[in-house]
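Line by line, the protein sequences give chains A and B. Just so you know, the first sequence maps onto residues 56 to 394 in our numbering. Just so you know, the second sequence maps onto residues 388 to 892 in our numbering. Where is the CB? At the ideal position from N, CA and C, for every residue including glycine. Small disclaimer: the values here were computed from a predicted structure and weren't measured. Everything below concerns the one structure shown next.
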Amino acid sequence: MKQVGSWIRGRLGVASSYALCAVLFVIGAIHSPGFASASNIRQMLVFASFVGFAALGQTLVIIAGGLDLTVPWLMAFGGIELSRLAAGGMPAVPAIALVVAIGAIIGLINGVGVTWLRIAPIVMTLAMGGLVQAFLLAVGELQSTGDQVPAVAVHLASNRVGPFPVVAIVWLGFAVAAGIVLSRSAFGRRLYAVGANDTVAWLSGVNVALIRILTYTISGAMTTFGGVVLAGYVGTTYLDIGGPYLFTSIAAVIIGGASILGGSGSYWGTVAGALTLTVLSSLLPLFQLSNAGLEIVYGVVILIGVWLASTGHRLLGRLWRRGLALPDNMQGGAGDVSA
Amino acid sequence: MSGVLLKLTGVRKRFGAVRVLEGASLEARAGEVHAVLGENGAGKSTLMRILAGVISADAGQVTLDGRAVSLGSPSAAVAAGIRTVFQDLSVIPQLTVADNLLYGSETSARGLVLRRRRQELARKLLDGFGLGRIDTAAPVSELGLGDRQLLEVVKALRKSPRVLILDEATSALSATDSAWVLAQGRAAAAAGAAVLLITHRLHEVRATADRITVLRSGVDVLNGTVDELEDDALITAMLGRRAEVLYPSRVPPSAEDVLKVVGLVAQGLPGPIDLQVNRGEILGVGGLQGQGQRELLMALAGAQPWAGGVATLLGAAYAPRSPREALRRGVAYVPEDRQREGLFLGHSVQSNITISGLGSFVRHGLLDARAELRAAQDAAARVGISHDRLSARASTMSGGNQQKVVLAKALLGEPAVLLLHDCTRGVDVGTKAEIFELMSRIAAAGTAILFYSSDLSELVHVCDRVAVIAEGRLGAVISRDELTEDAILRVAVRLTAGSHGRVAA
């Protein structure tokens with residue numbers, strides 16, 4: 056019991072993000088009965104997984120002290136390039152593999168620019184986004200008609216296994232893998248070290264450049280994969296399809312308890328962040344708000360989430376303990392029960 | 388001597404469950420230099436941070452000139468006339484020397500900061516303190532640790548303080564620079580200030596202070612004038628027990644060389660440097676501060692590229708291109724600045740210790756938590772860190788214990804060569820003795836150690852031989868029989884002065 060307590064205490068930031076998500080969900084369920092229906096929950100899971108894919112690499116990049124702004128363009132690239140390859144006669148599965156590999160290479164170039172050429176991450180990844188966009192525009196001008204998204208991507212995005220959407224299961228798989236890599240692999244530990252202090256990491260024998268390059272490479276591949284699934288869900292592709300994910304991929308990571316300065320964070324936190332953002336954006340339209348009002352509430356709730364994950368949970372924890380300050384005999388009694 | 392200027396009574400402070408100050412009191416008079424002594428963790432730094440307004444006391448009173456003052460923030464302390472020179476530097480590395488010195492007193496014309504005017508003011512200020520050699524237009528990041536500390540002192544003295552706190556301000560400094568700082572302290576006292584001096588070097592206390600207060604476990608246990616308190620009494624009061632022998636006995640090294648360097652040249656190290664370290668030997672690296680010792684150790688650690696020279700390590704060619712390669716070859720480095728180069732302050736002690744050896748704990752692609760814990764426990768036991776501290780954050784450890792963590796990290800891979808850069812700086816007497824004992828044990832087990840220290844007496848007592856570096860060149864290697872502080876200084880100074888002479892001619 057005591058161990059469980061200290062396990063949770065070490066993860067209060069992440070726990071507070073899940074708590075916020077639960078609160079928003081309950082508000083939705085009370086306000087409108089359909090909110091908690093299986094179909095709505097399924098849909099929110101699918102939407103959240105798009106954020107989750109885009110934010111997986113972003114989590115690694117941010118932990119290592121960087122930032123990846125290529126996300127929206129790579130999302131668009133994933134769908135558009137896949138459709139183009141499929142229209143050219145390439146079978147869907149190799150086409151998906153090829154597109155994701157190209158995404159990884161674009162991420163790799165980001166990483167090389169940031170580490171070897173020492174270009175600031177914001178500048179490097181934004182410039183890369185511009186290049187990808189230029190490529191997509193050039194391709195779009197050559198194509199006369201919109202290409203069909205291959206059926207494999209559509210199935211991936213909309214099929215179910217029992218009550219669960221396939222995408223959500225895939226997402227869960229990625230989350231488990233990312234969680235293990237971050238907490239139990241040498242790569243994960245070196246990643247946190249690089250983000251905490253790259254000088255110390257380098258002097259301690261960590262290959263700082265390689266770690267950073269890997270984070271951008273993974274980000275490139277995962278984001279492109281997210282773009283493939285998103286295109287499959289929407290059924291068509293367009294240049295702005297990835298637009299919202301620039302903000303949400305970063306916000307999910309920060310709501311999940313990572314520091315934007317690097318050195319801390321976890322993918323399970325990011326999962327909470329992605330769920331929170333999705334529940335929030337499904338919830339807000341239920342209230343009769345003007346567009347401006349909706350944006351304001353959206354922003355304020357996100358700020359609350361970021362505050363909770365960074366310092367707010369500690370303050371709340373203190374207030375909580377003070378509220379629970381029981382007389383000595385009562386505390387003894389509680390201890391007996393748990394023992 | 389005039390009356391009591393600064394008086395602290397019954398000051399208490401706890402951090403979580405740890406009681407750092409348990410009713411400490413202190414009286415300092417105007418015009419005196421008052422030394423505050425104690426082991427690391429005795430509460431000196433906490434007491435000084437309370438005076439500087441960085442943290443607030445849980446209980447107790449501070450009076451200045453008989454009036455109670457509230458020191459709720461650093462600016463309140465400054466307004467009360469209390470100026471502090473911290474051990475941890477507070478200058479801003481990206482700004483220039485001039486910007487740092489005049490920070491907070493913007494020299495402006497219609498909102499524009501006049502750069503030339505600031506340069507002039509800063510120049511005048513530095514010249515007034517006899518620091519003409521420091522370039523006011525250079526970014527502080529280009530200065531050595533020593534010069535940065537001198538800037539701190541100048542910053543603190545700029546507006547004649549009523550209370551001046553020198554919190555281990557000399558720990559990073561060479562003998563010359565320390566003497567300068569202490570002289571500034573004396574001058575401030577002569578001008579009517581109360582100067583609080585915190586240092587681990589008793590000879591500085593003897594040379595500078597008028598009175599002494601000793602803290603132990605958060606309480607003042609002894610106070611009196613410098614003349615009436617003997618060194619033995621001070622050390623006993625600090626440790627709470629009789630002082631053990633500071634310097635360990637040494638096993639004579641073997642004649643078999645581990646690392647041999649010929650003609651090493653690197654940036655900041657015009658060299659060429661020829662060195663040889665044997666199995667079980669502690670080779671001292673000495674000289675005035677900033678003469679290329681850092682560059683020498685960094686080059687050997689793979690942290691700085693070599694411009695020339697060859698080396699052999701255990702009989703094989705050695706030219707590391709990265710710290711990673713050096714570590715793989717068995718050369719471990721304990722850097723100069725433990726907080727910025729040695730530790731992940733926010734990570735646990737265990738993560739800090741094992742970071743360089745993670746590869747050896749991997750089983751089936753993942754870290755074997757038990758193997759890692761065992762290795763961390765072994766390394767911690769070797770340096771004297773108790774196992775229950777392994778899960779604590781490195782930032783919560785005292786300076787001495789932080790240094791032990793860095794040492795444990797370096798020892799994890801059983802290095803053949805250990806490069807130590809001033810690893811006893813800012814460390815209390817008790818921990819110092821432990822570190823020397825550790826070095827002696829490691830050397831006896833066959834490791835070759837290069838030990839740079841800014842404290843000459845340490846080099847003399849701990850090392851088998853000392854290589855004196857001056858202006859990036861090897862002055863001389865002084866053998867055990869001829870090893871005295873005097874001999875080291877002679878080589879260091881003659882070489883430096885000699886080459887200046889050549890330049891002038």
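- Query: Sorted by chain position, which residues of the same chain lie with C-beta nearer than 7 angstroms to residue 846 (chain B)'s C-beta, five sequence neighbours on each side aside?
  - Reply: Around residue 846 (chain B): 671, 673, 840, 853 and 875.
- Task: Just the C-alpha distance for residue 421 (chain B) and residue 434 (chain B), rounded to the nearest angstrom, thanks.
- Result: 14 angstroms
- Message: Counting only beta-carbon separations shorter than 8 angstroms, does residue 119 (chain A) have a partner in chain B?
- Response: no
- Straight-line Cα distance separating residue 424 (chain B) from residue 520 (chain B): 33 angstroms
- Query: In the stretch 587-631 of chain B, which residue ranges form an unbroken alpha helix (DSSP H) of at least 4 residues, counting only runs that do not cross its ends?
  - Reply: 589-595 and 618-626
- Message: What would DSSP say about residue 262 (chain A), mapped onto helix, strand or coil?
- Response: It is coil, neither helix nor strand.
- Which of helix, strand or coil does DSSP assign to residue 199 (chain A)? Because the pLDDT at residue 199 (chain A) is just 43, under 50, the model does not fix this residue reliably, and the point stays unresolved.
- Give the interface partners of residue 143 (chain A) over in chain D, defined as CB-CB distance under 8 angstroms, in chain order. The chain labelled as chain D is not found among the protein chains of the depicted structure, namely A and B.
- Message: Check whether chain A comes within 8 angstroms of residue 734 (chain B), counting only Cβ atoms and requiring the distance to be less than that.
- Response: Output row for residue 734 (chain B): interface = yes.
- Using 8 angstroms as the limit for Cβ to Cβ distance, is residue 707 (chain B) near chain A? It does not; no Cβ of chain A falls within 8 angstroms.
- Task: Can you give me, in chain order, the residues of the stretch 249-266 of chain A that have a beta carbon less than 8 angstroms from any beta carbon in chain B?
- Result: Flagged, chain order: 251, 252, 254, 255, 256, 257, 258, 259, 260, 261 and 262.
- In this structure, does DSSP put residue 791 (chain B) in helix, strand or coil? helix
- Determine the contact status of residue 681 (chain B) and residue 723 (chain B), defining contact as a CB-CB distance below 8 angstroms. yes
- Could you tell me whether the stretch 65-72 of chain A touches the stretch 319-339 of chain A, where touching means 3 or more Cβ pairs closer than 8 angstroms? Contact holds: three or more Cβ-Cβ distances are below 8 angstroms.
- Query: What number of angstroms, rounded off, separates the C-alpha of residue 67 (chain A) from the C-alpha of residue 115 (chain A)?
  - Reply: In a straight line, the C-alpha of residue 67 (chain A) is about 20 angstroms away from that of residue 115 (chain A).
- Task: Please go through the stretch 809-875 of chain B and give each complete beta strand (DSSP E) segment of 3 or more residues, from N-terminal end onward.
- Result: Secondary structure within the stretch 809-875 of chain B: the beta strand (DSSP E) runs of 3 or more consecutive residues, fully enclosed, are 835-839, 852-857 and 860-865 (chain order).
- Reducing DSSP to helix, strand and coil, say where residue 489 (chain B) ends up. coil
- Residues bridged to residue 220 (chain A) by DSSP? As a beta-bridge residue in DSSP terms, residue 220 (chain A) pairs with A:215.
- Query: In whole angstroms, what separates the C-alpha of residue 295 (chain A) from that of residue 131 (chain A)?
  - Reply: 7 angstroms
- Mind listing the chain B neighbours of residue 367 (chain A)? Cutoff is C-beta to C-beta under 9 angstroms, in chain order. Ordered by position in chain B, no residue passes the 9 angstroms Cβ test against residue 367 (chain A), which lies about 19 angstroms from the chain.
- Task: Report back the beta-carbon spacing between residue 582 (chain B) and residue 553 (chain B) to the nearest angstrom; my notes put them in contact at under 8 angstroms.
- Result: 7 angstroms
- If you count every other CB in all the chains shown that lies within 10 Å of the CB of residue 431 (chain B), and 16 or more means buried, which is it? buried
- Message: Within a Cβ cutoff of 7 angstroms, which residues of the same chain sit near residue 596 (chain B), ignoring the five residues on either side of it in sequence?
- Response: 420, 421, 422, 584 and 613
- Could you confirm whether any beta carbon from chain A is found closer than 8 angstroms to the beta carbon of residue 838 (chain B)? no
- Message: For chain A, check one thing: does any of its Cβ atoms lie closer than 8 angstroms to the Cβ of residue 690 (chain B)?
- Response: yes
- Item | At least 3 beta-carbon pairs within less than 8 angstroms: the stretch 752-772 of chain B vs the stretch 700-717 of chain B | no
- Query: Given that residue 232 (chain A) touches chain B, what residues does it touch there, using C-beta distances under 9 angstroms?
  - Reply: Near residue 232 (chain A) there are no residues of chain B at all, since even the closest Cβ is about 11 angstroms away, more than 9 angstroms.
- Message: According to DSSP, simplified to helix, strand and coil, what is residue 557 (chain B)?
- Response: coil
- Can you tell me the Cβ-Cβ gap for residue 390 (chain B) and residue 398 (chain B), rounded? I've got them flagged as a contact below 8 angstroms. So it is not a contact: roughly 21 angstroms between Cβ atoms.
- Exposed or buried, what is residue 692 (chain B) when buried is set at 16 or more other beta-carbons lying within 10 Å of its beta-carbon? It counts as exposed.
- Message: Is residue 523 (chain B) a contact residue of the ligand ZN, with contact defined as CB to any heavy atom under 7 angstroms?
- Response: Judged by which ligands are present, the structure shown has none, so any question about the ligand ZN falls away.
- Message: Any contact between the stretch 174-187 of chain A and the stretch 119-131 of chain A? By contact I mean 3 or more CB pairs, one from each, below 8 angstroms.
- Response: yes
- Query: According to a CB-to-CB cut-off of less than 7 angstroms, which residues of the stretch 691-725 of chain B neighbour chain A?
  - Reply: Legend: CB atoms of the stretch 691-725 of chain B lying less than 7 angstroms from CB atoms of chain A belong to residues 710, 711, 714, 720 and 722.
- Query: Where do the N-terminal and C-terminal ends of the beta strand (DSSP E) with residue 105 (chain A) fall, by residue?
  - Reply: Where residue 105 (chain A) is concerned, there is no enclosing beta strand (DSSP E), although the alpha helix (DSSP H) it sits in stretches over 93-118.
- Should residue 133 (chain A) and residue 743 (chain B) be called a contact, given that it needs their Cβ atoms to be closer than 8 angstroms? No, the Cβ-Cβ distance between residue 133 (chain A) and residue 743 (chain B) is not below 8 angstroms.
- Task: Apply the 10 Å Cβ neighbour rule to residue 695 (chain B) and answer buried if 16 or more other Cβ atoms are within range, or exposed otherwise.
- Result: exposed
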